[in-house]
Amino acid sequence: MNLVLGIVLIIVALIGGTVLGFFLARQYMMKYLKENPPINEQMIRVMMAQMGRKPSEKQVRQMMQQMNKLQDK
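Residue numbers (this note's numbering): 1414 to 1486.
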């Protein structure tokens, strides 16, 4: 009886730890990406320059707004 109870508790602890670890890792990554967005204004300027365009400040800000909208969804 004690052996069965011990095995069940170990299995429940493993499943609980896995679920808790998943949600903690997900929360950490969401916070990290919010604080450190993958694309910034300088990257947009470089990307547009590589395409042969000289972007205005208005265009860069519009692109950043669009990227932020996509990130929030």
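We put the CB at the ideal spot given by N, CA and C, even for glycine.
Cβ-heavy atom distance, Tyr-1445 to the ligand NAP, below 8 Å: Absence of the ligand NAP from the depicted structure is noted, as is the absence of any ligand whatsoever, leaving it without description.
Lys-1444 to Met-1414 span [Cα, whole Å]: Within the sequence shown, numbered from 1, the residue matching residue 1444 stands at position 31. Within the sequence shown, numbered from 1, the residue matching residue 1414 stands at position 1. Straight-line Cα distance between these residues: approximately 45 Å.
Cβ contact (3+ pairs, closer than 8 Å) linking the stretch 1445 to 1462 and the stretch 1474 to 1486: Yes: the two stretches touch, three or more of their Cβ pairs being nearer than 8 Å.
Length of the line joining the Cα atoms of Leu-1446 and Val-1421: Taking the first residue of the sequence shown as position 1, residue 1446 is located at position 33. Taking the first residue of the sequence shown as position 1, residue 1421 is located at position 8. C-alpha separation (whole angstroms): 38 Å.
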